[in-house]
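A.B. asks:
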Amino acid sequence: MPRASQVAARENVVRRAQVVVAPNPRRTQPAGVRRLRFLRTVGDHSLAIVFAVIFVSPFVFVVLTSLMTQHQALSRDLWPHPFQWGNYIEVFRQEPILRYAWNTVVYAGLATVGVVLSSVPVAYALSRIRWKGRQAVFLIVIATMMLPAQVTIVPLYLIFVRLGWIGTLWPLIVPAFFGDAFSIFLLRQFFLTIPEELVDAARVDGANEFQIMWHVIVKLAKPAIAAVGLFQFLYAWNDFFGPLVYDGGNPQIWTLSVGLQQFTTIHRGVLWNLQMAASVMFMVPIIILFLFAQKAFIEGITLTGVKG
Amino acid sequence: MKRTIIGVLGIAMLAVACTAGGGSSAVSAVDTGSGATHSPVTLNVWSFYSGHEFAQYQAVLSDFQAKYPWISIKHTPGKSDTDYLRAVNSNTAPDLAISPGPDNVAKFCSSGAYQDLNPFLQQDGMDVTTIIPPQALRYTSYQGDQCTLPVLSDAYGIYYNKDMFAAAHITSPPKTLSELETDAKKLTTFNPDGSIKVAGCDPLNGFYESTALYNGGYSQGQWYSAPQKSAFGTDPSWAKLLTWQKNFITDVYGPDGYAKLRDYLSTLGGPNSEWSSSHGFETGQLAMMMDGEWRTAFITTDKSNVNYETAPFPVMDGITGLYGAGQIGGDVIGIPTGAPHPAEAWLLLKYLATDTGAEEKLAETLGNVPTTYESLKDPKLLATPHFKTFLDIFANPKSGFKPLTVIGDTDSTLWGNFLSDWEAGKVPDLQQGLNGVAQQIDQQFQLG
Amino acid sequence: MAVVTGTPRAAERERLRRRRARRKALTVTAFMSPWIVGFLWFYIYPMFASLFFSFTKYDGIRQTPQWAGLFNYKFMFTKDPFFWKSLGNTFWIVIIGVPLQITFALLVAWALTRPRRGRGVYRTLYFVPTMVPAVAAALAFLFLLNGHGPFNTILHFFHIPTPDWWQDPAWSKPGLVLLGMWGVGEAMIIFLAALLDVPQHLYEAADIEGATGRQKFRRITIPMISPVIFFSAVIGVIYGFQYFTEAYVIGAGSGGAGANTASSALGSPNGSTLFYTIWLYQQAFEAFHFGYASAMAWVLFVIVMACTVALIKTSNRWVFYQGGFR
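Protein chains in written order, with my numbering: chain A, 727 to 1034; chain B, 1053 to 1500; chain C, 856 to 1181.
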């Protein structure tokens, strides 16, 4: 567990103990004190509520617009009248959304598998095996995170042309099987927190590195691996630049990002209602995934941010 | 360690040298198989069309399939010129590529991205100059290489609201730019807060199709005085045109006319309102405008009840014999290099570009101008209200498209950016600005 | 190596040691192999190839690149008007946009430290927009901030003058910053954790000495969370230079003069959303100047490196690491 939350946990225990120990002076408090406390709570929450409204309102407007007629969406109206639930069906008629979704799922799924499979051994080697040059290589891994994708895109594109992969999903999937710097970084940080004694015990038992990695580290690091997988899935689901460059103009392999963006250009930006409906459908799966896996996401981010 | 580094670098350099270059070479013209038995072929056709125009195009493609039953067509919409070029250089080219305009024809031809159609024409013994007017051949070929053929063209003229004309006692459409200004002033009305209620005419480059005015077709503006030498600084008609525009705006809309026109476009719904039913002219908020012939079909489809008429667009004062001509240019179709089935693609291209029946049907359903001598005589088109104007504009020998260059539409982009700056008042010295943009265009040719 | 030679047991030990070392080297290489191959294939080779291409003219259709020496670099710095424009736009985002977003993230995180209960709910609400794909978010804002859109309608209601965000070159980048602010959830989470980690006793000690809220913030909070601010700044700068998707979607969706224009509307209105990566993309994949684009790519690389190094070097002056806190 990250040290920050350990500290917080310890403080919480202390705080709770104090409450139990102190005698309760009165059973009910006078109205004045209650009102003051209520006002203070409102004050504490008010700013948070304002921000909550700010962050949620774009969603609200997008959903409302997705239910408008084309004409209404172009006007200043904020509330649909009538409600065109049919827009969500109409989108499927206008664009092959299901194919885009399938392509996105294939890309995201395979890329996630690839990143997890390839990053775990690398992170293990960088954290639990002591070898000369380990620190230097780790710095190089970090450095690659800073390299803008545009620096390497032209030669990579030309390689993929030669391989005949342009117009397919391979240029997006194959590189995932060769490790990802961010995932390696995250996993390494986590692996470092696993106590040395467990690894030594396994070594004494005669296990080789692979067995140690599999039976000790991976078993204990499941939350971190889950976080890495989720991040990679999110990244691939949202990826635009990659599919844009490698699609070769072939709409058969468009992912949802590219398909959605092309929808605007093709229809010259007049079908706002359908556009918003399509956007909603694009956002919903990943938001649902997030709501179920909240803890993993947030822990993962805290892991990189506070420790990094 | 050092040896490993050198080794890695060496391999990297070698890899670089090996992967640069290489690729498929151009396919030479193949016999058009008109024998008895044919194995089924699927043609991959890409076009820029979308929406209901796409559906209408499909109807004509079905006619072709009826004529050649062994060829089936797969038509993909929403493609752009850059998609075509990218497909060629990634070896995923379609059989036929349909572009919305001729901007990149010179690039297609000179870079070898499209195949030269002359061998195909010679094989079939066709003299294309007897079928297609020279104005159209000019914007589909480059330096002798006919790498595309025109299929439908646009023609740009003026649309004006007859009711508003009657109310302002204007009896005939303007023929010169100064008449345009006078009429616009009479037709413009303002709201109590000073904003524009009805605009007489919006001459800003970014407004709907007004950009056609700044391509020089109505002022005999020269783009190039010599190959790769821009004439924006040396041809005085450009400075004259831009000064006219500035005076027009202040005269008709007042000293803050530019800001007012920007707000006006915003109230219409932004530039995308051009393609929706909230179009300014169709909703009676615009009295006169530059537009193409396709607007007649859109007005009917959008069910607008605007009472309008069409005419050639006014030309710059003092130029005799130009009125009646206009900007033309439209779809160009070519066979990309690396197309899987060039022979069958040629059959389809020939059908679309030269078959009178096909041309007439396309023109009638899509509301565009056909590009062959025979199809221009189509009685149905001639009888369509408001449409004859555009047929005449197209047939006028002085009509044309801007000159084609190997840098494609980069010169248009640079010119458009300059116009935006000029309109916003960011160019203090017009002549200096024009020289500057001319120099920028010249330099672009160096980039290749 | 100082080894007692001569005895057979020592030689035996030596052989065992060497064999173990070799086995370890093999194991390490095996474990690292995915990354090593990937590093060579996707980083080393392309970087060198890109450098090579930057000295050539190559359009991908004509078969071989043609050597051009320093031509691309010279053209870029002296004859390309869009190079400077795009660089300016990119620096605007990095110098103005990133600090604004960090400040907003900090503000939101601070707002979340106040409520005692329900923090989780708020945190989720603030974080969800970060999950939204960049394309969807950009399209949503393309609509929300359009001339007739909900945002302007609300401002209109309060009699605040409304710009036509995506049509006005002066307001398109601020619009992009607003879009970016919607997605500060990720940074906010990190700031929140850091804010909550500041030891209470420091604040209590300051209270005893009679410090005001502002003094406490400046003297205690900021220094204590400065490592996190630094981290966000570095990430922000790196991503700022690579800013692409949102700019592409907005640029492509807001423009459009003329029906026959085959040209792309990217960067509209009037080049205000033309960022360096967008211009690079256009040069590479629309104009097919692969050599020129490669030169631009290397210039970008050098700039990003320089800025990151500068940020790290100056961090000693304003980032405060408490011993043992990490």
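Yeah, the Cβ is synthetic: ideal placement off N, Cα and C, and Gly gets one too.
Give the straight-line distance between the Cα atoms of GLY1091/C and ALA1042/C, rounded to the nearest whole angstrom.
C.D. replies: Along the third sequence, read from residue 1 onward, the residue named residue 1091/C stands at position 236. Along the third sequence, read from residue 1 onward, the residue named residue 1042/C stands at position 187. Rounded to whole angstroms, GLY1091/C to ALA1042/C spans 10 Å at the Cα level.
A.B. asks: On a Cα-Cα basis, can you pick out the residue from LYS1429/B, GLY1376/B, SER1289/B and GLN1297/B that is closest to THR1449/B?
C.D. replies: Here residue 1449/B refers to the residue found at position 397 of the second sequence. The question names Thr, but residue 1449/B in the sequence shown is Pro. It is GLY1376/B.
A.B. asks: Which residue or residues does DSSP assign as beta-bridge partners of VAL1421/B?
C.D. replies: Start at 1 with the first residue of the second sequence, and residue 1421/B comes out as number 369. Answer by DSSP bridge pairing, in chain order: SER1205/B.
A.B. asks: Give me the Cβ distance between ALA778/A and LEU980/C, rounded to the nearest whole Å; I'm assuming they're in contact under 8 Å.
C.D. replies: Within the first sequence, numbered from 1, the residue matching residue 778/A stands at position 52. Within the third sequence, numbered from 1, the residue matching residue 980/C stands at position 125. Their Cβ separation, rounded to whole angstroms, is 5 Å, which keeps ALA778/A and LEU980/C in contact under 8 Å.
A.B. asks: Taking CB distances under 8 Å as the criterion, tell me whether GLN1020/A reaches chain C.
C.D. replies: By one-based count along the first sequence, residue 1020/A stands at place 294. Taking Cβ atoms only, chain C reaches closer than 8 Å to GLN1020/A, which makes this a yes.
A.B. asks: Go to SER1081/C, then tell me how far its alpha helix (DSSP H) extends in each direction, as first and last residue.
C.D. replies: Along the third sequence, read from residue 1 onward, the residue named residue 1081/C stands at position 226. Note, SER1081/C: alpha helix (DSSP H), 1077 to 1096.
A.B. asks: Give, in chain order, every residue of the stretch 1386 to 1408 of chain B whose Cβ lies closer than 9 Å to some Cβ of chain A.
C.D. replies: Against chain A - using a Cβ distance shorter than 9 Å - the stretch 1386 to 1408 of chain B contributes no residues.
A.B. asks: Does the structure place the stretch 1000 to 1016 of chain A close enough to the stretch 1336 to 1352 of chain B that three or more beta carbon pairs sit under 8 Å?
C.D. replies: With the cut-off at 8 Å, the stretch 1336 to 1352 of chain B and the stretch 1000 to 1016 of chain A do not touch.
A.B. asks: Here's a check: name, in chain order, each residue in its chain whose Cβ is nearer than 8 Å to the Cβ of PHE1100/B, leaving out the five neighbours to either side.
C.D. replies: Here residue 1100/B refers to the residue found at position 48 of the second sequence. Counting only Cβ-Cβ distances below 8 Å, and skipping sequence neighbours, we find PRO1129, GLY1130, LYS1131, SER1132, ILE1150, SER1151 and PRO1152.
A.B. asks: Do the CB positions of TRP1026/C and SER1109/C come within less than 8 Å of each other?
C.D. replies: Counting from one through the third sequence, the residue named residue 1026/C turns up at place 171. Counting from one through the third sequence, the residue named residue 1109/C turns up at place 254. No, these two residues do not count as a Cβ contact at 8 Å.
A.B. asks: Cα separation between SER909/A and SER845/A?
C.D. replies: As a working note, residue 909/A is residue 183 in the first sequence. As a working note, residue 845/A is residue 119 in the first sequence. Distance between the alpha carbons of SER909/A and SER845/A is about 6 Å.
A.B. asks: Does ASN1096/B come out as helix, strand or coil in the three-state DSSP assignment?
C.D. replies: For this step, residue 1096/B is matched to residue 44 along the second sequence. Strand at ASN1096/B.
A.B. asks: Can you tell me where the beta strand (DSSP E) with LEU1148/B in it begins and where it stops?
C.D. replies: The sequence position of residue 1148/B within the second sequence is 96, counting from 1. Its beta strand (DSSP E) spans residues 1148 to 1151.
A.B. asks: Cutting at 8 Å between CB atoms, please list the residues of its own chain near SER1277/B, excluding the five before and the five after it.
C.D. replies: For the purposes of this step, residue 1277/B is taken as residue 225 along the second sequence, with counting starting at 1. Here the set comprises ALA1283, THR1286 and ASP1287.
A.B. asks: Check whether the Cβ of LEU1265/B sits closer than 7 Å to any heavy atom of the ligand GDP, and report yes or no.
C.D. replies: The ligand content of the structure shown is nil, which means the ligand GDP is not present either.
A.B. asks: If you run the structure through DSSP and keep just helix, strand and coil, what is VAL831/A?
C.D. replies: In the first sequence, the residue the question calls residue 831/A occupies position 105. Correct three-state label for VAL831/A: helix.
A.B. asks: Looking only at C-alpha atoms, which of TRP1398/B, ASP1481/B and PRO1225/B sits nearest to TYR1212/B?
C.D. replies: Looking up residue 1212/B in the second sequence gives position 160. Nearest option by C-alpha distance: PRO1225/B.
A.B. asks: Going along the chain, which residues of its own chain have a beta-carbon closer than 7 Å to the beta-carbon of PRO806/A, five neighbours each way excluded?
C.D. replies: Locating residue 806/A in the first sequence gives position 80, where the first residue counts as 1. Closer than 7 Å at Cβ, skipping near neighbours: LEU790, LEU793, MET794 and GLN798.
A.B. asks: According to DSSP, which residues form a beta bridge with MET1342/B?
C.D. replies: On the second sequence, position 290 is the one that residue 1342/B refers to. MET1342/B pairs with ILE1210/B.
A.B. asks: Exposed or buried, what is TYR850/A when buried is set at 16 or more other beta-carbons lying within 10 Å of its beta-carbon?
C.D. replies: Against the first sequence, residue 850/A aligns to sequence position 124. That one is buried.
A.B. asks: Does HIS941/A come within less than 8 Å of chain C when only Cβ atoms are used?
C.D. replies: Within the first sequence, residue 941/A is the residue found at index 215, counting from 1. Answer no: the Cβ-Cβ gap between HIS941/A and chain C never drops below 8 Å.
A.B. asks: Please list the segments of the beta strand (DSSP E) lying wholly inside the stretch 1376 to 1416 of chain B, counting only runs of 3 or more residues, in order along the chain.
C.D. replies: With a minimum length of 3 residues, the continuous beta strand (DSSP E) runs that stay inside the stretch 1376 to 1416 of chain B are 1380 to 1386.
A.B. asks: Spatial neighbours of VAL944/A within its chain, please: C-beta separation below 8 Å, excluding the five flanking residues on both sides.
C.D. replies: As a first step, residue 944/A is located in the first sequence; it is residue number 218 there, counting from the start. Once the five neighbours on either side are set aside, the close Cβ partners of VAL944/A are VAL846 and ILE951.
A.B. asks: Between GLN1187/B and the rest of its own chain, which residues show a CB-CB distance below 7 Å, the 5 nearest in sequence each way excluded?
C.D. replies: Along the second sequence, read from residue 1 onward, the residue named residue 1187/B stands at position 135. Closer than 7 Å at the Cβ level, and outside the excluded window around GLN1187/B, lie ILE1380, PRO1449, SER1451 and GLY1452.
A.B. asks: Kindly indicate if chain A contains any beta-carbon less than 8 Å away from that of ALA1142/C.
C.D. replies: Numbered from 1 along the third sequence, position 287 holds the residue referred to as residue 1142/C. No, no contact with chain A.
A.B. asks: Quick one, which residues of the stretch 1327 to 1348 of chain B are near chain A if we go by CB-CB under 8 Å, in chain order?
C.D. replies: Against chain A - using a Cβ distance shorter than 8 Å - the residues of the stretch 1327 to 1348 of chain B are TRP1327, SER1328, SER1329 and SER1330.
A.B. asks: What does PHE930/C reach in chain B if we use C-beta pairs closer than 9 Å?
C.D. replies: For the purposes of this step, residue 930/C is identified with residue 75 of the third sequence, where counting begins at 1. By Cβ distance, chain B contributes GLN1495, GLN1498 and LEU1499.
A.B. asks: In or out: ILE1167/C buried (at least 16 other Cβ within 10 Å) or exposed?
C.D. replies: Counting from one through the third sequence, the residue named residue 1167/C turns up at place 312. Burial call: exposed.
A.B. asks: Would LEU1486/B and TRP1290/B be called neighbours here (beta carbons separated by less than 8 Å)?
C.D. replies: Counting from one through the second sequence, the residue named residue 1486/B turns up at place 434. Counting from one through the second sequence, the residue named residue 1290/B turns up at place 238. Yes, Cβ-Cβ distance for LEU1486/B and TRP1290/B is below 8 Å.
A.B. asks: Comparing the C-beta of GLN1167/B with each C-beta of chain D, is any distance below 8 Å?
C.D. replies: No chain D appears in the structure shown, which is made up of the protein chains A, B and C.
A.B. asks: I think TRP980/A touches TYR826/A, with their Cβ atoms under 8 Å apart; what is that distance to the nearest whole Å?
C.D. replies: To locate residue 980/A, count along the first sequence from 1; it is residue 254. To locate residue 826/A, count along the first sequence from 1; it is residue 100. The pair is a contact, with the Cβ atoms about 5 Å apart (cut-off 8 Å).
A.B. asks: I need the straight-line Cα distance from GLU1411/B to VAL1032/C, nearest angstrom please.
C.D. replies: Counting from 1 along the second sequence, the entry for residue 1411/B is found at position 359. Counting from 1 along the third sequence, the entry for residue 1032/C is found at position 177. The alpha-carbon atoms of GLU1411/B and VAL1032/C are separated by roughly 50 Å.
A.B. asks: Between the beta-carbon of LYS1214/B and the beta-carbon of GLU1334/B, is there less than 8 Å?
C.D. replies: Residue mapping note: residue 1214/B aligns to position 162 of the second sequence, counting from 1. Residue mapping note: residue 1334/B aligns to position 282 of the second sequence, counting from 1. Taking 8 Å as the Cβ cut-off, LYS1214/B and GLU1334/B do not qualify as a contacting pair.
A.B. asks: Grab me the residues of ALA1363/B's own chain with a C-beta within less than 8 Å of its C-beta, minus the 5 sequence neighbours each way, in chain order.
C.D. replies: For this step, residue 1363/B is matched to residue 311 along the second sequence. Answer for ALA1363/B: GLY1209, ILE1210, TYR1212, PRO1225 and THR1441, listed in chain order.
A.B. asks: Would ASN1357/B pass as an interface residue toward chain C - the criterion being a Cβ-Cβ separation below 8 Å?
C.D. replies: Counting from one through the second sequence, the residue named residue 1357/B turns up at place 305. Output row for ASN1357/B: interface = no.
A.B. asks: Can you pull out the residues from the stretch 1000 to 1021 of chain C whose beta carbon lies closer than 7 Å to at least one beta carbon of chain B?
C.D. replies: Listed in sequence order: ASN1001, GLY1002, HIS1003 and ASP1019.
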